[in-house]
Structures are given as C-alpha cells and as structure tokens.
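Engineer: Encoded as structure tokens, here's the structure I'll be asking about.
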Amino acid sequence: MLIEFTFENFRAARDEQRFSMVAGSGKEHRATHVFRSPDVPKNIQAPELLRSTALYGPNASGKTNFVQALHVFRKIVTESASWAPGREIPVTPFLFSDESASRPTTFEAIFIFEGTRFQYGFSASSKRVQEEWLFAFPVGKAQRWFAREFNSNSGEYEVYFGPNLLGEKDTWRKATRSNALLLSTAVQLNSEQLLPVYQWFEDKLRIVRRGGTLHPAYTLEQFMGNARRSILEFLQKADLSIEDLEIEREQAAVKDLSEELFEEILLPDGTEDDGGHRVRLYKVKSIHRTAQGKKVALNLKDESDGTQKMLSLAGPWLDTLASGYTLVVDELHQNLHPKLLEHLVRMFNDPNLNRHGAQLVFTTHNTSILSQDVFRRDQIWLFERNKTQASTLYPLSDFRVRKGSNLELAYLSGRFGGLPFVRQMNPKVSVEDG
Numbered sequence: 001m002l003i004e005f006t007f008e009n010f011r012a013a014r015d016e017q018r019f020s021m022v023a024g025s026g027k028e029h030r031a032t033h034v035f036r037s038p039d040v041p042k043n044i045q046a047p048e049l050l051r052s053t054a055l056y057g058p059n060a061s062g063k064t065n066f067v068q069a070l071h072v073f074r075k076i077v078t079e080s081a082s083w084a085p086g087r088e089i090p091v092t093p094f095l096f097s098d099e100s101a102s103r104p105t106t107f108e109a110i111f112i113f114e115g116t117r118f119q120y121g122f123s124a125s126s127k128r129v130q131e132e133w134l135f136a137f138p139v140g141k142a143q144r145w146f147a148r149e150f151n152s153n154s155g156e157y158e159v160y161f162g163p164n165l166l167g168e169k170d171t172w173r174k175a176t177r178s179n180a181l182l183l184s185t186a187v188q189l190n191s192e193q194l195l196p197v198y199q200w201f202e203d204k205l206r207i208v209r210r211g212g213t214l215h216p217a218y219t220l221e222q223f224m225g226n227a228r229r230s231i232l233e234f235l236q237k238a239d240l241s242i243e244d245l246e247i248e249r250e251q252a253a254v255k256d257l258s259e260e261l262f263e264e265i266l267l268p269d270g271t272e273d274d275g276g277h278r279v280r281l282y283k284v285k286s287i288h289r290t291a292q293g294k295k296v297a298l299n300l301k302d303e304s305d306g307t308q309k310m311l312s313l314a315g316p317w318l319d320t321l322a323s324g325y326t327l328v329v330d331e332l333h334q335n336l337h338p339k340l341l342e343h344l345v346r347m348f349n350d351p352n353l354n355r356h357g358a359q360l361v362f363t364t365h366n367t368s369i370l371s372q373d374v375f376r377r378d379q380i381w382l383f384e385r386n387k388t389q390a391s392t393l394y395p396l397s398d399f400r401v402r403k404g405s406n407l408e409l410a411y412l413s414g415r416f417g418g419l420p421f422v423r424q425m426n427p428k429v430s431v432e433d434g
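If you're matching positions, the sequence shown starts at 1 in UniProt numbering and goes up one per residue.
Right, dumping it as structure tokens:
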C-alpha cells in the first residue's frame with residue numbers, strides 16, 4: 001500500500017512535490033473510504049490510508065508528469081541492475097531553469113508491504129546515481145538498512161550498511177555500477193531481505209500511462225482462466241449488455257498475417273522463429289441477446305471505444321481489488337461515461353469489494369464526480385502551473401469546505417485553483433494571419 005510519494009526536479013516539477021495517501025482527521029466516509037493496512041499487526045502503529053484519490057488540473061499542469069514520475073521510478077528500480085555500463089538513467093530535470101537543469105532528480109516512496117513499512121528513495125542525474133537510501137520499520141521503529149552517496153571529491157561512493165541488514169554487503173557494493181541502484185543490484189545477487197522492497201515496485205505498483213490505454217489481452221487471459229464469471233459480471237454491472245465472450249487464441253508468425261488479421265487483437269509472445277517475431281492472436285466476439293431472445297455475436301472491434309476500454313479494464317480492475325495492488329491510471333475518464341467512471345471509483349471505495357487494501361490513484365478532467373458523495377476532501381488533489389512554468393501539487397483538504405457544498409461548482413468557479421487561465425482571442429487578428 002502506498003503511503004506517500006515524493007518527487008523533485010523531474011520534468012514539470014521543479015520543487016519537491018509530496019503526494020500522500022494518508023487520511024486526514026475528517027469523519028466523512030471514514031468507515032468506507034479509509035482503511036488500516038490488514039497486513040500490519042494490530043500492536044504496531046500504522047497510518048490510516050485512503051482507498052482512492054483523484055488528481056485534477058488544467059492541461060500541461062503536471063498530472064501526466066506525476067504518473068510518468070512513478071513510472072520512471074519503478075523502471076529504474078526494476079531494470080537498472082541489468083543496464084549496460086554507461087547507459088543513461090532516464091530522468092529529465094526541470095528545464096526552465098539553469099540551476100534546476102544541473103541538479104539531480106529525486107524520487108522517494110513510503111509504502112507498506114507484507115506488514116512492514118519501508119521508506120526508499122534515490123537522487124540521480126542521467127549519468128549516475130547521486131544518493132540512495134532505505135529505511136525499514138519492521139516493528140514500528142526506524143532501522144536504516146543502507147545509505148549510499150557519491151563523493152565528487154574522491155570520485156567514489158560512500159556506502160553505509162546498517163546492522164539490521166544481513167547478506168553479502170561488500171559484494172553488493174562492489175557490483176553496483178554508477179548507473180544502477182544498490183537495491184536492484186543486491187536483489188539480483190540474491191538478497192532475500194531486500195527482495196520485498198523490490199517486489200513492491202515490480203508486483204504491487206501497477207501503472208497505466210498515456211490516456212489509460214490498456215491492452216485487452218490481460219482480461220482475455222483471465223477470462224480463459226478462472227475469472228470468466230467475475231469478468232462477465234463486471235461488464236454486465238456496467239450496463240454493457242454483453243452476455244458472454246467467445247475467444248479463439250492462436251500463435252502465428254508476423255510475416256504470415258494478412259492485412260485483415262492485423263485488425264484483430266495482437267500481443268507479442270516474446271518468442272521468435274526463422275520467420276521472425278511470433279504473436280499471440282485473439283479473435284474475440286461479444287455475445288448479445290435481442291429482445292426476442294436471439295443471440296447476436298459482434299466482433300470486438302465493432303464495439304464502442306468505451307465498451308472496449310471497459311473490457312480492457314475488467315481484468316486489471318478485478319485483479320487489483322483481489323490482490324491489494326496500488327493502481328495508477330492516467331486520464332481514467334477517457335472514452336467513459338461519467339457514471340461509469342463513478343462506478344469504477346466506487347468499487348475501490350467499497351470495503352465489501354475492496355477487502356485487501358487495494359488503492360486507486362487516477363488523473364482526470366471529469367468534474368461530474370467531484371462530489372462529497374463520492375470523495376472525501378483529502379481524496380482530491382490539484383495541480384497548478386506557476387509563472388516559472390513549474391507545477392505544484394496540493395490537496396483540496398487545504399481549503400475550508402462546508403459539508404454538503406457543491407465541490408464541482410466551487411472548483412469550476414476557481415475557488416480552489418487548478419484551472420486553466422483561458423483568454424479570448426484578439427478579434428483583430430484573423431485566422432488567416434495565424
């Protein structure tokens with residue numbers, strides 16, 4: 001479960017931006033929208049966390065940058081140990097300031113996994129990791145497991161290992177390249193104690209970027225496994241009138257596929273033969289029923305964009321709820337009716353459906369769900385861009401809001417900020433002059 005995410009000097013974020021899933025003291029929806037990690041023993045203090053959060057703001061204010069920051073953080077943790085020497089670290093500093101362009105980017109996450117709270121982060125330029133640190137709270141008290149810092153005078157790394165961290169520490173230190181993380185390298189070299197930290201990033205943190213696009217193959221594989229009933233219920237509860245799915249799956253070489261088949265659903269299989277890459281091919285038909293009871297089969301590509309998106313979301317949504325993942329989605333509203341968007345959010349906020357501490361973090365422009373009936377104030381976060389082009393992030397709970405007041409109207413009227421400053425075009429300038 002995500003507790004807090006901090007990032008600094010990454011793309012649109014010049015200054016430190018701190019995002020928190022910790023619930024405030026407000027009593028609204030506390031019995032449903034707030035939970036305590038079920039993995040933490042009751043005799044150990046643990047924060048009460050939010051089941052979902054929505055991020056609002058104008059275009060180019062930093063919402064997608066937030067999702068990208070989490071994605072890059074995760075990518076460096078899970079992949080850097082296998083990078084070739086000299087490969088650049090994929091961080092981009094704030095470029096509208098010479099001072100920021102020369103500073104490293106910083107990421108830090110505080111999270112709970114398998115009953116233990118961890119605080120892990122690093123700062124890095126494109127050339128090297130500058131600092132890296134890890135604290136663990138296995139019994140509620142902080143233990144510093146390691147700290148690593150590059151000494152620019154000596155050109156070497158200074159590494160501290162705490163007494164509570166066991167394993168081949170000297171081997172890890174020597175094997176960690178300047179463009180790799182100590183955490184990632186140690187896990188690759190079989191550190192069992194550090195493995196849970198790595199696994200949270202690899203397995204528990206799920207990120208959907210760029211407009212919330214998802215390949216339906218994840219859902220289709222689950223449907224052909226043991227999730228058929230739950231996926232059909234998910235689609236039917238969304239009022240999509242899909243009674244069943246018919247799926248044929250086969251493998252083929254790319255060179256053998258006709259132009260028509262490229263319109264079907266393709267998924268790289270990760271294998272090759274003499275004919276080149278092979279793909280897994282899905283032929284999917286959605287089964288509907290007429291008013292007279294007759295079955296009608298439609299090709300999936302003939303369904304609406306919204307229906308296709310709901311099918312793509314079904315597998316990840318249900319899997320996240322069942323497994324207690326943290327799911328981050330950019331522009332969740334895209335191609336969805338506002339009521340469907342609200343339905344998806346309510347699934348996470350419902351403790352009867354969300355029994356394993358799953359969390360949803362999403363960006364959106366849809367203000368129709370901006371309601372005290374759907375959210376607590378601390379579940380709503382806003383992005384704004386200042387005159388220096390730097391984005392800032394803040395919660396709606398920073399503002400005084402009367403119980404029962406219309407949040408959507410207050411937001412659109414500019415009371416909370418996080419709106420675009422739109423100006424009329426000069427009528428003296430013609431379109432042709434453009």
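Even glycine gets a Cβ: it sits at the ideal position worked out from N, Cα and C.
Please read all numbers here as calculations on a predicted model, not as lab measurements.
Between 9, 53, 305, which has its C-alpha nearest residue 345's C-alpha?
Structural biologist: It is 53.
Engineer: Would you call the CB atoms of residue 49 and residue 21 closer than 9 Å?
Structural biologist: Closer than 9 Å, so yes.
Engineer: Inspect the CB distances between the segment 279 to 289 and the segment 214 to 221 and report whether three or more fall short of 8 Å.
Structural biologist: They touch, by the three-pair rule.
Engineer: Decide if residue 1 is buried, meaning its Cβ has at least 16 other Cβ atoms within 10 Å, or exposed.
Structural biologist: Classification of residue 1: buried, given that the 10 Å Cβ count is 16 or more.
Engineer: Among residues of its own chain, excluding the 5 on either side of residue 336, which ones have a beta-carbon nearer than 6 Å to its beta-carbon?
Structural biologist: Around residue 336: 306.
Engineer: Using the three-state DSSP reduction, which class does residue 197 fall into: helix, strand or coil?
Structural biologist: Residue 197: helix per DSSP, three-state reduction.
Engineer: For residue 107 and residue 393, I'd like the C-alpha separation in whole angstroms.
Structural biologist: Their backbone Cα atoms lie some 15 Å apart in a straight line.
Engineer: Taking the alpha-carbon positions, what's the residue 124 to residue 3 distance?
Structural biologist: If I take the Cα positions, the gap works out to 22 Å.
Engineer: Considering only their Cβ atoms, is the gap separating residue 204 from residue 96 smaller than 9 Å?
Structural biologist: No; because the gap between Cβ atoms is not below 9 Å, this pair is not in contact.
Engineer: Going straight from the alpha carbon of residue 179 to that of residue 74, what length do you get?
Structural biologist: Answer to the nearest angstrom: the Cα atoms are 15 Å apart.
Engineer: To the nearest angstrom, how far is the alpha carbon of residue 395 from that of residue 280?
Structural biologist: Their Cα atoms are separated by approximately 44 Å.
Engineer: Pick from 351, 341, 102, 378: whose alpha carbon is nearest that of residue 366?
Structural biologist: Nearest C-alpha to residue 366: 341.
Engineer: Leaving aside the five residues before and after residue 435 along the sequence, list all residues of the same chain whose C-beta is less than 8 Å from its C-beta, in chain order.
Structural biologist: Residue 435 lies beyond the stretch modelled for the chain, which goes from 1 to 434, so this question has no answer here.
Engineer: Flag residue 51 as yes if its beta-carbon sits less than 9 Å from any beta-carbon of chain D, otherwise no.
Structural biologist: Here chain D cannot be found, since the structure has a single protein chain.
Engineer: Distance, Cα to Cα, residue 191 vs residue 199?
Structural biologist: Approximately 12 Å between the Cα atoms of the pair.
Engineer: Under three-state DSSP, which class holds residue 367?
Structural biologist: Residue 367 falls in the coil class under three-state DSSP.
Engineer: Leaving out five residues on either side along the sequence, give the residues of the same chain with a beta carbon under 7 Å from the beta carbon of residue 404.
Structural biologist: If we look at residue 404 and ignore the five residues flanking it on each side, its Cβ neighbours are 372.
Engineer: Would you mind working out which of 421, 143, 173, 148 sits nearest residue 164, comparing C-alpha positions?
Structural biologist: Nearest of 421, 143, 173, 148 to residue 164, Cα basis: 143.
Engineer: Taking DSSP as the reference, what is the three-state secondary structure of residue 108?
Structural biologist: In this structure, residue 108 counts as strand in the three-state DSSP scheme.
Engineer: Residue 100: buried (16+ other C-beta within 10 angstroms of its C-beta) or exposed?
Structural biologist: Buried.
Engineer: From the DSSP output, in three-state form, read off residue 170 for me.
Structural biologist: Correct three-state label for residue 170: helix.
Engineer: Let me know if residue 353 comes out buried or exposed under the rule of 16 or more other beta-carbons within 10 Å of its beta-carbon.
Structural biologist: Under this definition residue 353 is an exposed residue.
Engineer: Between 368, 330, 333, 324, which lies nearest to residue 349 when the distance is taken from Cα to Cα?
Structural biologist: Out of 368, 330, 333, 324, 324 has the C-alpha closest to the C-alpha of residue 349.
Engineer: Given this structure, state the Cα-to-Cα distance separating residue 5 from residue 295, to the nearest angstrom.
Structural biologist: Rounded to the nearest angstrom, the two C-alpha atoms are 49 Å apart.
Engineer: Considering only residues of the segment 327 to 401, which uninterrupted alpha helix (DSSP H) runs meet the minimum length of 4 residues and lie entirely inside it, listed in chain order?
Structural biologist: Qualifying alpha helix (DSSP H) stretches, in chain order: 338 to 349.
Engineer: Among the residues of its own chain, which have a CB less than 6 Å from the CB of residue 272, if the five just before and after it don't count?
Structural biologist: Any reading at residue 272 needs caution, since the residue's pLDDT is 46, under 50, leaving its predicted position unreliable; the model's value is listed next. None.
Engineer: Just mark residue 314 as buried or exposed, buried being the case when its beta carbon has 16 or more other beta carbons within 10 Å.
Structural biologist: Burial call: buried.
Engineer: Could you tell me the boundaries of the beta strand (DSSP E) in which residue 208 lies?
Structural biologist: Element bounds for residue 208: 205 to 208.
Engineer: Rounded to a whole number of angstroms, what is the C-alpha to C-alpha distance between residue 185 and residue 290?
Structural biologist: Taking the straight line joining both Cα atoms gives about 58 Å.
Engineer: Over what stretch of residues does the alpha helix (DSSP H) that includes residue 465 continue unbroken?
Structural biologist: For the chain, the structure presents residues 1 to 434; residue 465 sits outside this window and is missing.
Engineer: Does residue 285 come out as helix, strand or coil in the three-state DSSP assignment?
Structural biologist: Correct three-state label for residue 285: strand.
Engineer: Rank 130, 138, 141 by C-alpha distance to the C-alpha of residue 153 and give the top, closest one.
Structural biologist: Comparing Cα-Cα distances from residue 153 to each of 130, 138, 141, the minimum goes to 130.
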